[in-house]
Amino acid sequence: MCTVHAAIESLSENRPSNQEAVYVIDAKAHLLGRLASVVAKLALNGQKVVVVRCEEMNVSGSFFRNKIKLQNYLRKRCISNPKRGPFHFRAPSRIFYRALRGMIPHKTARGEAALGRVKVFEGVPPPYDKMKRMVIPRALRVINLKPGRKFTSLGRMATEVGWKYQDILATLESKRKVR
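Residue numbering for the sequence shown follows this note's numbering, beginning at 16 and increasing consecutively.
#1: Could you say which of 94, 168, 72 lies nearest to residue 45 if we only look at CA atoms?
#2: Are the CB atoms of residue 9 and residue 37 nearer to each other than 7 Å?
#3: If you check the beta carbons only, do residue 146 and residue 67 fall under 7 Å apart?
#4: In its own chain, which residues sit with a C-beta less than 8 Å from the C-beta of residue 54, not counting the 5 before and 5 after it?
#5: Quick check: what's the CA-CA separation for residue 263 versus residue 101?
#6: Based on DSSP bridge pairs, tell me the residues matched to residue 40.
#7: Provide the residue span of the alpha helix (DSSP H) that contains residue 135, from first to last.
#8: Name the two residues that bound the continuous alpha helix (DSSP H) containing residue 174.
#9: If we ignore side chains and look at the alpha-carbon of each, how far apart do residue 164 and residue 76 end up?
#10: So what's residue 96 in DSSP terms, helix, strand or just coil?
#11: Hey, would you say residue 127 sits closer than 7 Å to residue 107, going by beta carbons?
#12: Just verifying my parser: in three-state terms, what is the DSSP assignment at residue 139?
#13: Please return the same chain residues whose Cβ sits closer than 7 Å to the Cβ of residue 156, not counting the five positions on each side in sequence.
#14: Skipping 5 residues on each side, what residues in its chain have a beta carbon closer than 7 Å to that of residue 109?
#15: Tell me residue 108's beta-bridge partners as DSSP assigns them.
#16: Would you mind sorting residue 125 into buried or exposed? The rule is 16 or more other CB atoms within 10 Å of its CB.
#17: On a Cα-Cα basis, can you pick out the residue from 81, 103, 60 that is closest to residue 178?
#18: Could you check if residue 196 is buried or exposed, using at least 16 other CB atoms within 10 Å of its CB as the buried criterion?
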């Protein structure tokens, strides 16, 4: 059985009681691509998925290598008039969303509906801080990455390329943890 399908099967055992229930996934210490594949499959199967704490998601490889790859992507723009786009978002949640969109046929009605069922956030916003958050073992860094391998945080990468809200998010998260 395919590993993504196995992860989906293990999630279906812990499925909330009704079909319209929301999966709230805590992205801390998960690998970006592995988590995106599981979320894409859940969304395509009709589940509503919310991914919180995207800034604490990890990407395998050294920080320098990942920063260079992200800067190469950000350099792509319209050469005659850069104001025309494409517009590249710097927030960690939008970086994750872009990876997720690449795994969904977003130009079809089915893919557009699947993307509509997915929400991504930095931190844990108020409606979801009281809900139980899930972990996807198939996407965890400690399970998938060999000890000693380099990895980087998505929040640190985003801060390096222009995301300005890491300090504000840290204060909001400290307030949330006190409550």
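Built from N, CA and C at the ideal position, the CB exists for glycine as well.
Well, looking at it:
#1: Walking along the sequence shown from the start, residue 45 turns up at place 30. Comparing Cα-Cα distances from residue 45 to each of 94, 168, 72, the minimum goes to 72.
#2: For residue 9 there is no data in the structure shown, the boundaries of the chain being 16 and 194.
#3: Locating residue 146 in the sequence shown gives position 131, counting from the first residue. Locating residue 67 in the sequence shown gives position 52, counting from the first residue. Cβ atoms of residue 146 and residue 67: not closer than 7 Å.
#4: One-based indexing of the sequence shown puts residue 54 at position 39. These residues qualify, in order along the chain: 40, 64, 66, 115, 133.
#5: Residue numbering for the chain in the displayed model covers 16 to 194; residue 263 lies beyond these limits and cannot be assessed.
#6: On the sequence shown, position 25 is the one that residue 40 refers to. Note: residue 40 sits in a beta bridge opposite 66, 149.
#7: Here residue 135 refers to the residue found at position 120 when the sequence shown is read from its first residue. Premise fails: residue 135 lies in the beta strand (DSSP E), 133-135, not in any alpha helix (DSSP H).
#8: Looking up residue 174 in the sequence shown gives position 159. Residue 174 -> alpha helix (DSSP H) spans 169-175.
#9: One-based indexing of the sequence shown puts residue 164 at position 149. One-based indexing of the sequence shown puts residue 76 at position 61. Their Cα atoms are separated by approximately 7 Å.
#10: Numbered from 1 along the sequence shown, position 81 holds the residue referred to as residue 96. It is coil, neither helix nor strand.
#11: Here residue 127 corresponds to residue number 112 of the sequence shown, with the count starting at 1. Here residue 107 corresponds to residue number 92 of the sequence shown, with the count starting at 1. Cβ atoms of residue 127 and residue 107: not closer than 7 Å.
#12: In the sequence shown, the residue the question calls residue 139 occupies position 124. Looking at residue 139 - three-state DSSP - the assignment turns out to be coil, as it is neither helix nor strand.
#13: For the purposes of this step, residue 156 is taken as residue 141 along the sequence shown, with counting starting at 1. So the qualifying residues of the chain are 44, 45, 46, 73, 166.
#14: Mapped onto the sequence shown, residue 109 falls at position 94. For residue 109, where only same-chain residues beyond five positions count, there are no Cβ hits under 7 Å.
#15: Start at 1 with the first residue of the sequence shown, and residue 108 comes out as number 93. None; residue 108 has no bridge partner.
#16: In the sequence shown, the residue the question calls residue 125 occupies position 110. When all chains shown are included, residue 125 counts as exposed.
#17: Walking along the sequence shown from the start, residue 178 turns up at place 163. Comparing Cα-Cα distances from residue 178 to each of 81, 103, 60, the minimum goes to 103.
#18: Absent from the model: residue 196. The displayed extent of the chain is 16 to 194, so no value can be given.
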